[in-house]
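Numbering of the sequence shown is given in numbering that gives the first Met the number 0, commencing with residue 0 and proceeding in unit increments. Yeah, the Cβ is synthetic: ideal placement off N, Cα and C, and Gly gets one too. All figures in this text were calculated on a predicted structure; none of them were measured in a lab. Note sheet for the following structure.
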Amino acid sequence: MKDPKRPKYPTLATIAAAMGIAAIGCGEGTPYATSAPKCGNKGGGIAALPAPAPVWTHAQPDAIYFAPRGADLDGDGRLEIIVTGGNEMPATGEVVALDGATGAVRWRATADTQLYSSPVFLDVTGDGVQDVFVGGRLEAFMAVDGASGDVLWRFEDTRPLPEYYFYNFYTPFVIADQTGDGVPDLLVANGGGDGIRPGEARPPGHLAVLNAVDGTLFAVGVMPDHQETYMSPILLPDDGAASPTILFGTGGETWTGALWEISLSSVLAGDLSDARALVTGTGKGVIAPPALADLDRDGRLDIIVVTFDGRLIALSGATRELIWQYGLEDTESYTTPVLGFFDGDDVPDVFAVFLHGVFPDYTSAERVLLSGRDGSVLWQGTAGDFAMAGDVAVDLNGDGTDEVIFNANTINDPALAPAAQQQLFLVDSAAGEARPWGAPLGAAAAGSPWVGDLDADGCLDLVVPGHSADEGSNDGLVTRFRVAAPAPASVRWGGYFGTRFDSIVLDPR
């Protein structure tokens, strides 16, 4: 029997840890080293890289935390961690800014319902500090002053019901000014429908443009197939179209959908009927946003997308023709592919996650590293039985080959106590091996990690959302870990939506 005091985990498609030991400083008490001994390295390569060491943990009672982002809100050269959270039942929500060095709360802004989108940043007040925009359930979307944490505005749909309706907002995408006020605006998807049982008809989703200054609805269009949507839209920036090309998805776990493309001008006109389906699911939709990289080395970004029916597809950004396809039978996937350089050549490669089973019953999670050149398998392994969030890729030893850090959640193993568990894994791409990285972090958690250099000291930091497994605790956690490795010149895939939050791999070419 489930503990009624534990929070209800988020509806699967809507999206998508204290270790109890002393923190260590950069370079203290660790057995690994390369060219930056101050980070604690003492030789031995990836195989000897110790588990990341906790520096601080922020805990919030009765909360689930999602994908954190590191951002220098105030321009002082050091990053803050901004993360959304809350709970579905009872309904609460928050966005919190944490000091990257100490974990102290800079500010917190609350909402009446769960916030789960990853935050995006844009200075709309003109004070030189990035303001924060987040979304969540039941029309929740808000702008927060990055300096003070004061709420600048909350979205309100003034259109009459039942003719017009919005449900859940997802992660927005900053676009060029469309409203004529000189400030960039926000492209966002809205969809889902809390309380509707699986198999019942779902309300159609929407793409919308919001005025970032005041939150007013500037343009909105209904999905071309009148299906639901759970995908955060992205822009394909270099396809040469007269109006920017938007990629978005429709369908869900039990309803057919597709990956679509459409021009921003059509969205602004409120008409998505001319959208083009690039990939169509079979009885299921496309939930995870695609990733972008130049796989065929023609100078154009290609589209790498995973469908909920268990296919990973690479499409040419120039022609939309198939480059390669990989699939696993009887699997489903919620997770945006992670991109990096895993096999030693100059073509970006792909890391993807597939769940064995059928929603909502999964038996195992299988992960694959694939060559971006031809889709061939570089490594394959299973860990845990559930994955909703994305992972990260970063070169940990300066050899030019990226490693993958991923979260494995186990929620269906009755031998575990508590009945869910979160475990970090490290994939040594060059060796084709993976191993658990440190002790279990706590109960299963829905959020993606973030990796980068928080305090500009040249050493890597890893920020992981989690959930306490302590008896009697119901805390959502955000933990900063110190990694005993130097920060590379660029982190290939640093978190949800990549390092620059545009779903584009950082390519050294």
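Span separating the alpha-carbon of residue i from that of residue j
i	j	result
G239	V337	25 Å
T83	T170	11 Å
T33	R491	Any reading at T33 is ruled out, since the residue's pLDDT is 37, under 50, leaving its predicted position unreliable.
A287	L453	27 Å
A90	H57	21 Å
F424	G457	23 Å
T381	R310	17 Å
G214	F154	5 Å
A17	A445	Confidence in A17 is poor, its pLDDT being 25 and thus under 50, which makes the residue's placement unreliable; the coordinate value appears in the next sentence. When rounded, the distance between both Cα atoms is 16 Å.
P448	P51	13 Å
R366	L459	24 Å
G326	I233	24 Å
V143	A96	10 Å
P359	M387	12 Å
T281	P67	33 Å
P159	A188	20 Å
A433	D384	16 Å
S242	L78	34 Å
L440	D390	16 Å
G24	P49	Confidence at G24 is low in this model, with a pLDDT of 37, below 50, so its placement is unreliable and no value can be given for it.
N86	N408	19 Å
V54	F480	5 Å
A429	G339	12 Å
F247	F350	21 Å
G179	A268	16 Å
G471	D412	21 Å
V119	R319	29 Å
V463	G475	11 Å
E227	G250	5 Å
Given residue i as reference, the closest of the options once Cα atoms are compared
i	options	result
S489	P359, G99 and V450	V450
Y166	F140, I303 and V173	F140
D111	D122, G134 and V104	G134
A274	S428, V123, L369 and L206	L206
L209	A290, L185, R201 and V221	L185
Q113	G127, I63 and G256	I63
T255	K283, A276 and D297	K283
R136	P464, D180, Y229 and G76	Y229
A211	E260, Q129 and P223	Q129
G145	A468, I503 and G125	G125
P236	A392, V426, F405 and V173	V173
L277	G190, I245, T334 and L263	I245
K37	A455, S472, R372 and F500	A455
I503	A442, D75, R372 and L300	L300
A443	D98, I410 and T318	I410
P202	L121, Y163, G181 and D176	Y163
I303	T253, G371 and D342	G371
With 16 other Cβ atoms within 10 Å as the buried cut-off, status of residue i
i	result
T498	buried
Q420	buried
H225	exposed
G316	buried
M88	exposed
Q379	exposed
S375	exposed
R196	exposed
V482	buried
D394	buried
L321	exposed
P347	buried
P485	buried
Y495	buried
V104	exposed
D345	exposed
E331	buried
A200	exposed
P223	buried
A35	Interpretation of A35 is limited by its pLDDT of 43, a score under 50 that renders its predicted location unreliable; the figure taken from the coordinates is listed afterwards. By the 10 Å Cβ count, A35 comes out buried.
E328	exposed
S116	buried
In DSSP terms, what residue i is bridged to
i	result
I503	L291
C458	P485
A241	In DSSP, A241 forms no bridge with anything.
F140	G134
H466	A442 and G475
W152	A142
E260	L246 and R275
Interface flag, residue i vs chain B, CB-CB below 8 Å
i	result
D474	Reference to chain B is not applicable here, since this structure consists of a single protein chain.
Can you list the beta strand (DSSP E) stretches of 3 or more residues lying completely in the stretch 307 to 378, in chain order?
-> You should have 310 to 314, 321 to 326, 337 to 339, 348 to 357 and 360 to 369.
Would you mind listing the beta strand (DSSP E) stretches within the stretch 154 to 193 that are 3+ residues and don't spill past its ends, in chain order?
-> DSSP runs (the beta strand (DSSP E)) wholly in the stretch 154 to 193: 172 to 174 and 184 to 190.
Enumerate, from N- to C-terminal direction, the unbroken alpha helix (DSSP H) stretches of 4 or more residues contained entirely within the stretch 36 to 77.
-> Runs found: none.
What beta strand (DSSP E) runs, 3 residues minimum, are completely inside the stretch 386 to 442?
-> As summarised for the stretch 386 to 442, the continuous beta strand (DSSP E) elements at least 3 residues long and confined to that stretch are 391 to 393, 402 to 409, 420 to 427 and 432 to 435, given in chain order.
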